[in-house]
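Top to bottom, those sequences are chains A and B. Per our numbering, the very first residue in the first sequence carries number 1127; after that it's consecutive. Per our numbering, the very first residue in the second sequence carries number 1127; after that it's consecutive. For glycine and all other residues, C-beta sits at the position ideal for the given N, C-alpha and C. As the structure is a computational prediction, the values presented were derived from the model and not from experiment.
There are 2 protein chains.
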Amino acid sequence: MVSETRPALRVDVRRPQRADARRNFDALLAAARDAFSTKGTEASLEDIARQAGVGIGTLYRNFPTRQDLVRAVYLGEIEELCLAAEDAADLPPWEALFTWLRRFVAYAATKRAIYESLNREAAEFSEAREAMYAAGTPLFERAQEAGEARKDVSFDDMLRMVSGLTAAGFVDDEQRERVLRIALDGVRARAAD
Amino acid sequence: MVSETRPALRVDVRRPQRADARRNFDALLAAARDAFSTKGTEASLEDIARQAGVGIGTLYRNFPTRQDLVRAVYLGEIEELCLAAEDAADLPPWEALFTWLRRFVAYAATKRAIYESLNREAAEFSEAREAMYAAGTPLFERAQEAGEARKDVSFDDMLRMVSGLTAAGFVDDEQRERVLRIALDGVRARAAD
DNA sequence: ACTATAGCGGAGGGATGCCTCCGCTTGCAA
DNA sequence: TTGCAAGCGGAGGCATCCCTCCGCTATAGT
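Quick look at the structure:
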């Protein structure tokens, strides 16, 4: 047990020992992150290997199934998100929440992977998702207690809403930001509440 | 000139003459509608033909390219949406808008096709999209004029927001409805405005 | 009933993706 | 330096999908 100074999830996922192998491992992860974000988790594994500059065999040695690769990318992304939640904790309630959610949206990498996994059953995902919920929920509840967020909205409601926006297409980043703000205005407590 | 009693767009798309052929045509359209809604516009054409109970050759005769099939489904969906806007016109401003948007979300069929096409360049799509905008914008502006919708939000902002939610995954329909309501609360004019 | 022909369907060739397997290469410890 | 195991990469078998082509079927008009 023992949560270290940082919980950190086990993103390790069995990183190889030899220097060259480790290089390949990282290149694969980076290529996958990129491919998944632009083409979804159905992206061609052969493309990913090619993009990483390694043979397809190497990809399969490190990540025997597509799911393994998706999970590795996903876990890395989740970890980023958990750290971002810690960083935001110092800000005023609503701003902290908003900042974290913006990070959630902006972190292009796993956009689609996160979104897809939000529904996926697989146990290994649910563990990570719980970590993310554990990281984000305090921000949300703090905003509720400060009277800035509606009490009849759940964290899950809000996150799914935001993840939908994440997946949607916008003309440009300004519009994305604007729409995010609009949607979150719906979460904001109203004078009448 | 000449809007008929119903604009109706040309959804015809060259419907065949012979009775059996027309049956096949309709079955293909229905199967495609279904497949596109669940698997996106990349769904296997052979599956669609199989699902429709016709040979792959028949599919290609009616819709020489995938794009032709997508367009046919899309146009049908858009037409539904335009009609729904007319129907909603009798309701009070905000309710009319909300009713139309709910229809927008609920009409499962082209969920993804509409969403994908929202960005697609292709000219044939933009024409239909404009028809849809033309149908929905009055509802939105009426809500704005009635002081029920914010003036600093555009119809396009709102539609993209909603279409994002459309594509997102929810636990059940109640949650979808609830989240739609929350997001639209962000579009609603506030007392302070 | 008869027949011309619109329409049918699926075999099959080409492309791409998945994944396994195995002979070659190379980092690292001694 | 050297030896060897960890690691590499891609050929190739299998599956799936796309799309074309053409011999067969069944409709609709006479």
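Chain-ordered, the chain B residues with CB closer than 7 Å to the CB of A:Ser1289 read Ala1294. Restricted to the segment 1163-1241 of chain B, the alpha helix (DSSP H) segments that are unbroken, complete and at least 4 residues in length are 1171-1178, 1182-1188, 1192-1214, 1219-1232, listed in chain order. Under the DSSP assignment, A:Arg1286 falls in the alpha helix (DSSP H) whose first and last residues are 1281-1293. C-alpha of B:Arg1304 to C-alpha of B:Met1287: approximately 15 Å in a straight line. By the C-beta criterion, the segment 1216-1223 of chain B is judged not to be in contact with the segment 1188-1198 of chain B, since fewer than 3 inter-stretch pairs fall below 8 Å. Inter-segment contact for the segment 1155-1162 of chain A and the segment 1196-1213 of chain A is present: three or more beta-carbon pairs are separated by less than 8 Å. Taking the Cβ atoms as the reference, A:Ala1275 lies roughly 6 Å from A:Arg1314, within the contact range of under 8 Å. For A:Val1279, the neighbours in chain B by C-beta distance under 9 Å run, in chain order, Arg1304, Val1305, Ile1308. Below 8 Å, too few C-beta pairs join the segment 1255-1272 of chain B and the segment 1258-1271 of chain A to call them touching: fewer than three. Within the DSSP bridge table, the entry for A:Ala1275 names A:Arg1314 as partners. Taking C-beta separations shorter than 7 Å and ignoring five residues to either side along the sequence, B:Arg1307 has no partners in its chain.
When 7 Å is used as the limit between beta carbons, B:Gly1312 is near these residues of chain A: Ile1308, Ala1309, Leu1310, Asp1311, Gly1312, in chain order. Separation of A:Arg1144 and A:Asn1150 (C-alpha to C-alpha, rounded to the nearest whole angstrom) is 10 Å. Put simply, the CB of B:Gln1177 is far from chain A, with every gap to its CB atoms at 8 Å or more. Taken through DSSP and simplified to helix, strand or coil, B:Pro1142 comes out as coil. Taken atom to atom, the span from the alpha-carbon of A:Thr1225 to that of A:Ala1214 is near 7 Å. A:Ala1153 is a Cβ neighbour of A:Gly1179, given a cutoff of 8 Å. Assignment of A:Val1297 by DSSP, reduced to helix, strand and coil, places it in the coil class.
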